[in-house]
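Written out below as structure tokens is the structure these notes cover.
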Amino acid sequence: NFEVVGVPEKVLKAFSKRRAEIEAVAREEGFSTASARGKAQVASYETRAEKDRHMTMEELDARWGRELAALGLDRNALLRTVQVESRHVRAGMVGQDRDEAIRQTAEKAVHDLTRNNSVIDDRLLMRAVVEGLQTLCNADQALAAVEAMKASGLLVQIGMVDERAIYSTKAIVEAERSMLRTVVDRKAEREFVPEEAVRAAIARRPTMREDQALAVLHALNRDGVSVVEGSAGSGKSFSLGAVAEVARECGLTPWTIAPSWKATEVVRSDTETAEAYAKAVQGFVRQVQSGKIALDAKAVVIVDEAGMVGTEDMSILVEATATAGAKLILTGDTRQLQPVVAGSPLKAIARFVGSSRMTEITRQKADWMKAASKDFAAGECVRALEAYAKAGAVVVGDDREATMRQLVQDYTRGRQERPDATRCVLAGWNADVRALNEAIREAGKEAGWIEAEEKILQAIPRGGDKPRDLALSVGDDIIFGETVELGTLTIRNADLARVLGVRGDPPNPVLDLDLGRGRRIAVPLSDLVGRREDGEPAVPRIQHACAMTVHASQGVTVDEAYVANLRGMGMESTYVAMTRHRERVRLYADGGRIVDEIAAREGASIRQTKGGGTVLPEEEDDRKEVEITPEAIRERLFAETMKADQKENASDYFDVAAFMGKPTATPARVVETVERNEARPRVGLNEALTRMGGPGGLGWMKRAAAASSGLAERMAAREKAATHYPIPDKAPRSRVTPEEIDTFVRADLLEFAVRDLGGSLVERWSNGGAVRFGDPSTGEKIGISRKANGVWNWTLSNGGAGGVIQNLVQHVKGHSYAEALHWLRERFRTQRETRPLETVRSERDATGEGDRAKVMAGWQALRQSGVSRWLTKERGIAPEIVERFAADIKADWTGDRASNRFGAAFAHRTPDGDLVNYVRRGAPQAGKVESFRANSAGGAPTLFMAGERKPTRIYVTESSVDTLSLYQMDGAPKGAMLTAPDGTPGRRSLDALAEIARRNPGAEWHVGLDNDAKGQEFAEKVREAIRSGNPEAVLCDRSPAEQFKDWNGALRGATGAQERAAKVDRERIVEEERKRIEQEARAEQIRQEEARRRREEKARQEAEAARRNDPSGPRMR
């Protein structure tokens, strides 16, 4: 990573032969050698010529001399140039303080590194610093420079992940803390708009969903800063329209801003905001800082796609709105694409003050696509992609060219069949976008929607800095890469236009452009050049627009989307790309890239075959060939999408209270490796900032406790997980009933084996026959016969396996027992029409469509953070376990006068994760013996559900507290799901357990029993429900030691006798309290009666005295 001073560029290029060969292959195949290391290795193998080991050093020297001469140089001239340049460099270093130079260079490396990352690990830190210092000092001095930055407080160690130290800078930590303190301090600041006005606006929108209405209420709450999150296609923009309308009705001024002009135009249109009050984020920030925009207390700043705003800009927005007393509403999705610059402030703010999230999908039209979009949003990309694969929407090409060719053919066909539909082509890299645009243009010329005649112009493509040739024809779509002012007309960055004509000759022809919305212009090419610095090329920033990057597409909605995965896509990119469509989307993947990656890992070259490949080892390697199947390619392709590229904040590594500078009762803990959707354990700020400004260095964190193998196992499980929603237009599966099974086993099995299983009839007798599978002469032979009771049976001719129809399906097709039953159901069409579990309502709420809204509103009103004191102090549940499941366990309320003193609320959900109820549990209320327990208003008790969505172990006990207790006593194993009906299990609870069992056939069930008759009754019901969903489920009955009544008692060490004695004491105390209250009440009643009597006597005496002194009385008359 360094060059000798004075060596000309042409010499470097000429003598970097192998590098040039590898880069040429990379350009041809469309990958980056920096990121695609596997393909780079394959390219290295493929371009490597056999070395001529017989060439002497003298011959090499002569060859090198000839190559220099071809460049117009000789070795002596080159050496003199190097010497002269080296003297100049050394002269410039004379008198320079070497230690100061090392310090400044090291700090600059850290500064450059943290422009795009708020959090860095030790590996990244060391690489950046050492590369920057490699010509200034030796390795020991470079390491000392890093230690010096730690000791000075510039670098702050904030945690450890996978035994690697994690760092941030003091400035970043303080900036985040200042921003978050401002946000937290503005909670419950004032009423910005009356709630009645908000509800009236919602009422005027009858199509607004419940989650959208709750989001509008949350956006306009009393907090100075509100966060509204929404999955892709959930209708965030529609909700923002109601927010802006209410703000205007109440005399406020809405500003709508977004990270890009394209997103700004979308939110401006949806909120009907005047163009003067719609800005891109960076422009808005600059104008606020310069004073051109003066916010006041009547301003409402709505930031759309706020998840793409970096910490620096967000801090300015937070500070500016706080100073003015303006309302700041942040909307976006922390699970989509992250900011290019450092930090993910939306995620941090949502963590500290909470958010309202819209999860229902409206963009996609098909139900199964909506379900897939929910999985993409939840990080379950493998499951969602399997759904699209089953629908035929995933295409894996043999190589890059074949993949692009298929995409272009499908795009062309779609444009011809549905010319009025909107569509986009998406790719991850600008280089791929350019290649796709060129291919689509060629197809467009052949199809006739682009004219064949074209003119070559000079333009700078988006994401580039050097001019390139740009061919323009009538019919081309182009996209602008900068803002251009044309008199009263402003063309924004990312605006689109269609070319209607190109008149005149380069370099400055006149373009006739259709900008949409009735705007057509004729403009010289030179007028489309935006602001330039001296020396920058004076050509416009435009490129073809059939394809765009995934990053530029966030916020875009089209009818059809075509996604090119040519270099690999992570979780966020996949989520965004696969949710832009309303009606259809197709993913096109380069299978050759996957084969090359596998080949690189095997250390071999490869021979490509259609749909797969065979890895061929090097000649000197005696290993067997490794076959790569299409299934293996697809599995690896899908597994890539589980890699998250989430930006991190320094605050992510701290306990909330400690980060805000408030005392915390919980000790600092080590940061563990966690999954994307799990809460990261926090550490205390004081520990991380120990002696931050002093000479003694940092207080180092403890080693990480969790290994990464657990995550790998969970990823592998997800790769093989079946989808849990219809693909497409199939009803959700329910368990196969005994009546259906009876129908199966009485069907003519002989006919079925031939017609549906592909067997060949080889023999027939009165009540059956024989069938062969495979070769009609030598294949496996089975005998089939009908018994006297009408049931058909089969056996292998060799006396091996046998059984009834579902066992034959298992034997022939390799299905599990449950899969065989459902396969038979489809063949015999025996399923009755059913409704999904989450839409089933109890009799009391069968007609109440508002119940879900009540549940959600109540759940949102609970505390957003904190741990229930009742759970931790009285029930013995460890705080870190409660925090691990914070999404499903909330602190109910705090205070002696609350109905549920210091209690907890447990979310009840459907197997799809929809909130339908929450159960409130806590200490007995005053004057009560039994613990507090209540369901939410409008709730439908179903099943407490927390933890893994695709678990390897599932816990179920009668109550949430017992489930947590058993889980804690087992050492809190990874990969676990926790469930409980919180009472006697009803129909909803049992159906939910059956569905969970069906979806997780490989999970091991741990059924926790109480030590009484009711415990056995509970276990029987639960076991039956689990078996109905998965007859092969592995069940483990778990009972606490006999001296304990239940698992929570076992956790606390409270025996059944002790708990009974405690209950008797409680009854005695309650009774004594009741008597005391009654006595006090009687005494109070006597006191009040006496006081009343005295008041009446006093009033009588005063009236008598007044009568005697009245001159108009009888005496005067």
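Numbering (the working numbering), first residue to last: 783 to 1899. Glycine is no exception: its CB is placed at the ideal position from the N, C-alpha and C atoms.
For a cutoff of 8 Å on Cβ pairs, would you count D1052 as touching chain E? The structure shown contains no chain E; it holds only a single protein chain.
Is there contact between the segment 1362-1377 and the segment 1336-1348, where contact requires at least three CB pairs shorter than 8 Å? yes
For A1887, is the classification buried or exposed, using 16 other Cβ atoms within 10 angstroms of its Cβ as the cut-off for buried? Taking the first residue of the sequence shown as position 1, residue 1887 is located at position 1105. A1887 comes out exposed.
Beta carbon of M1090 nearer than 8 Å to that of P1041: One-based indexing of the sequence shown puts residue 1090 at position 308. One-based indexing of the sequence shown puts residue 1041 at position 259. It is a contact, given that the beta carbons lie within the stated cut-off.
So what does DSSP say about V975, is it helix, strand or coil? Your numbering for residue 975 matches position 193 in the sequence shown. If DSSP states are grouped into helix, strand and coil, V975 belongs with coil.
Residues in its own chain within less than 7 Å of V1594 by CB, not counting five upstream and five downstream? In the sequence shown, counting from the first residue as 1, residue 1594 sits at position 812. Hits under 7 Å: L1539 and F1555.
Does the pairing of the segment 1727-1741 with the segment 1753-1761 give three or more beta-carbon distances under 8 Å? yes
In whole angstroms, what is the alpha-carbon distance linking V1063 and E1087? The residue labelled residue 1063 in the question sits at position 281 within the sequence shown. The residue labelled residue 1087 in the question sits at position 305 within the sequence shown. If you take the alpha carbons of V1063 and E1087, they lie about 10 Å apart.
If you draw a straight line from the alpha carbon of A1225 to that of D1192, how long is it in whole angstroms? What you label residue 1225 is simply residue 443 of the sequence shown in a count that begins at 1. What you label residue 1192 is simply residue 410 of the sequence shown in a count that begins at 1. In this structure, the straight-line span from the alpha carbon of A1225 to that of D1192 is close to 11 Å.
Since C1818 is in the alpha helix (DSSP H), which residue starts that stretch and which ends it? Your numbering for residue 1818 matches position 1036 in the sequence shown. That residue, C1818, is in no alpha helix (DSSP H); its beta strand (DSSP E) goes V1816 to R1820.
At least three beta-carbon pairs within less than 8 Å, the segment 1005-1025 to the segment 1132-1147: yes
To the nearest angstrom, how far is the alpha carbon of I1659 from that of T1361? By 1-based counting over the sequence shown, the position of residue 1659 is 877. By 1-based counting over the sequence shown, the position of residue 1361 is 579. Each residue's Cα considered, the two are about 40 Å apart.
Coil, strand or helix - R1568 by DSSP: Counting from 1 along the sequence shown, the entry for residue 1568 is found at position 786. In the three-state reduction of the DSSP assignment, R1568 falls in the strand class.
Enclosing alpha helix (DSSP H) for W1787 [first to last residue]: Counting from one through the sequence shown, the residue named residue 1787 turns up at place 1005. Segment E1786 to G1790 is the beta strand (DSSP E) holding W1787; no alpha helix (DSSP H) there.
Output the boundary residues of the alpha helix (DSSP H) element that contains W1037. Locating residue 1037 in the sequence shown gives position 255, counting from the first residue. From DSSP, W1037 is part of no alpha helix (DSSP H) but of the beta strand (DSSP E) over T1035 to A1040.
Spatial neighbours of G1720 within its chain, please: CB distance less than 6 Å, with the 5 preceding and 5 following residues excluded, ordered by chain position. Within the sequence shown, the letter at position 938 stands for residue 1720. Taken in chain order, the residues that qualify are D1633, K1636 and V1637.
Limits of the unbroken alpha helix (DSSP H) element including Y1749: To locate residue 1749, count along the sequence shown from 1; it is residue 967. Start and end: S1742 to M1751.
Considering only their Cβ atoms, is the gap separating P1723 from D1670 smaller than 8 Å? Indexing the sequence shown from 1 puts residue 1670 at position 888. Indexing the sequence shown from 1 puts residue 1723 at position 941. No.
Judging by CA-CA distance, which residue of E1777, A1716 and V1292 is the nearest neighbour of G1695? The sequence position of residue 1695 within the sequence shown is 913, counting from 1. The shortest C-alpha separation from G1695 is found at E1777.
Can you list, in chain order, the residues of its chain with a C-beta nearer than 6 Å to that of A1229? Leave out the 5 residues immediately preceding and following it. Indexing the sequence shown from 1 puts residue 1229 at position 447. So the qualifying residues of the chain are T1194.
Residues near P988 in its chain [Cβ-Cβ closer than 8 Å; skip 5 each side]: On the sequence shown, position 206 is the one that residue 988 refers to. So the list is empty, once near-sequence residues are dropped.
Buried versus exposed call for Q1883 [16 or more other C-beta atoms within 10 Å across all chains shown]: For this step, residue 1883 is matched to residue 1101 along the sequence shown. Exposed is the call here.
What is the DSSP secondary structure of S1255, reduced to helix, strand or coil? In the sequence shown, the residue the question calls residue 1255 occupies position 473. Correct three-state label for S1255: coil.
Quick check on G1298: buried or exposed, where buried means 16 or more other Cβ atoms within 10 Å of its Cβ? For this step, residue 1298 is matched to residue 516 along the sequence shown. With fewer than 16 Cβ atoms within 10 Å of its Cβ, G1298 is classed as exposed.
Classify T1391 as buried or exposed, calling it buried when 16 or more other Cβ atoms lie within 10 Å of its own Cβ. Translated into the one-based positions of the sequence shown, residue 1391 becomes position 609. Residue placement at T1391 is poorly supported in this model, since its pLDDT is 44, which falls under 50; the coordinates still yield a value, given next. By the 10 Å Cβ count, T1391 comes out exposed.
Taking only the alpha-carbon atoms, compute the straight-line gap between A995 and Y1170 and give it to the nearest angstrom. Reading the sequence shown from its first residue, position 213 is the one you call residue 995. Reading the sequence shown from its first residue, position 388 is the one you call residue 1170. Between A995 and Y1170, the C-alpha separation is close to 31 Å.
Taking DSSP's pairing of strands, which residues face L1295 in a bridge? Translated into the one-based positions of the sequence shown, residue 1295 becomes position 513. DSSP lists V1281 and I1303 as partners of L1295.
Start and end of the alpha helix (DSSP H) containing A1776? Translated into positions along the sequence shown, residue 1776 becomes position 994. Its alpha helix (DSSP H) spans residues R1769 to R1781.
DSSP-derived helix/strand/coil call for G1551: As a position in the sequence shown, residue 1551 is number 769, starting the count at 1. Strand at G1551.
Enumerated in chain order, which unbroken segments of the beta strand (DSSP E) with a length of 3 residues or greater are wholly contained in the segment 1335-1374? You should have 1340-1347 and 1363-1372.
For R1691, count neighbouring C-beta atoms within 10 Å of its own C-beta (all shown protein chains included) and say buried if the count is 16 or more, exposed if not. What you label residue 1691 is simply residue 909 of the sequence shown in a count that begins at 1. The residue in question, R1691, is buried, as its Cβ has 16 or more Cβ neighbours within 10 Å.
Enumerate in chain order the residues of its own chain whose CB-to-CB distance from E1860 is below 7 Å, with the five nearest sequence positions on each side excluded. Counted from its first residue, the sequence shown places residue 1860 at position 1078. Hits under 7 Å: none found.
Can you tell me which of G1269, L1254, R1274 and V1256 puts its alpha carbon nearest to the alpha carbon of G1263? The residue you call residue 1263 lines up with position 481 of the sequence shown. It is R1274 whose Cα lies nearest to the Cα of G1263.
Residue nearest to E1841 in terms of C-alpha spacing, selected from E1854, L1833, K1827 and R1850: The residue labelled residue 1841 in the question sits at position 1059 within the sequence shown. Among E1854, L1833, K1827 and R1850, the Cα nearest to that of E1841 is on K1827.
G1023 beta carbon less than 8 Å from that of A1054: Within the sequence shown, numbered from 1, the residue matching residue 1054 stands at position 272. Within the sequence shown, numbered from 1, the residue matching residue 1023 stands at position 241. First, the residue type needs correcting, since residue 1054 is Glu and not Ala in the sequence shown. Cβ atoms of E1054 and G1023: closer than 8 Å.
Identify every residue that forms a DSSP beta bridge with V1738. Taking the sequence shown and counting its residues from 1, one reaches residue 1738 at position 956. T1761 and V1789.
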